[in-house]
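J.: For the sequence shown, this note's numbering begins at 908 and goes up steadily by one. Where a beta carbon is used, it is the ideal one built from N, C-alpha and C, also for glycine.
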Amino acid sequence: MTAVTVTASVRPRRRDSAWVCALWGLVPTLCLHVLLFGPTLPVELAVLDLGMSVLLAVWVGARRRALARRLGVGTPHDLLVLQRRIACGEVPADPVERAALRRLVRLRQQRRWRTRRIVSLLCLLYLLVVTWMWTVVGDHVLSALTLVVAVLYAVLAGRLLRRTAARLDRIAAALGDGDGDGLGVLH
């Protein structure tokens, strides 16, 4: 299969960069460590946080390159353009780009069950932490705050999953059934 070069009628957001994803991991952990340790924050811990965020950026970049190769898209930037088209609800006119977008939509629809399970497990983990903090630690204020965070996470993640599923279904319907477009590559 030859790689598809996507014409960029939409541009990926700057926040979709692998390095920005790494910053989303670095900033909260560094803030948490500053809150816990204050001015006595060990330099080794800050360096560890920075190293982990660099590893996260490298991992995200490698995953995107592998997914772009698997889908037959030219570069990770082209993959981000296709993902942005899904978010905007735009269907390309070029048949080759439509086939690449159709493969991406099919793959994301197949992975939908895994995402639901991960969110459910994270909600269960939150509830276990709340129960442990309430019973073993005895800190009722912190456990109540953790319960509020757990409920907010469950509500927002559920809403996001529903919106994403509806968006994927709309794009899949706009693209058509896609018989004979090379979807067997994903299996």
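(1) Since I believe A964 is in contact with W926 (beta carbons under 8 Å), could you give me their beta-carbon distance rounded to a whole number of angstroms?
(2) What's the gap between the Cα of W1039 and the Cα of L952?
(3) Pull up the distance between the alpha-carbon of L1082 and that of G1065, whole angstroms please.
(4) Pull up the distance between the alpha-carbon of V998 and that of C938, whole angstroms please.
(5) Put V998 into one of helix, strand or coil per three-state DSSP.
(6) What beta strand (DSSP E) runs, 3 residues minimum, are completely inside the segment 935–997?
(7) Is the segment 1067–1079 close to the segment 1005–1012, with three or more CB pairs under 8 Å?
(8) Does P949 pass the burial test, meaning 16 or more other C-beta atoms within 10 Å, or should it be called exposed?
(9) Take the Cβ of I1025 as the centre, count every other Cβ of all protein chains shown within 10 Å, and call the residue buried at 16 or more, exposed below.
(10) Just the C-alpha distance for A1061 and C1030, rounded to the nearest angstrom, thanks.
(11) Is any beta-carbon of chain C found at less than 8 Å from that of P946?
(12) In this structure, how does DSSP classify D1076 when only helix, strand and coil are distinguished?
(13) State the DSSP-derived secondary structure class of S924, mapped to helix, strand or coil.
(14) Does DSSP put G1065 in a helix, a strand or coil?
(15) Can you give me the C-alpha to C-alpha distance between A1057 and I993, rounded to a whole angstrom?
(16) Looking at L989 and V980, is the spacing between their C-beta atoms short of 8 Å?
(17) Assign P983 to one of two classes, buried (16 or more other C-beta atoms within 10 Å of its C-beta) or exposed (fewer than that).
T.: Based on what the coordinates show:
(1) 5 Å
(2) 27 Å
(3) 26 Å
(4) 41 Å
(5) coil
(6) none
(7) yes
(8) exposed
(9) exposed
(10) 6 Å
(11) Reference to chain C is not applicable here, since this structure consists of a single protein chain.
(12) helix
(13) coil
(14) helix
(15) 29 Å
(16) yes
(17) buried
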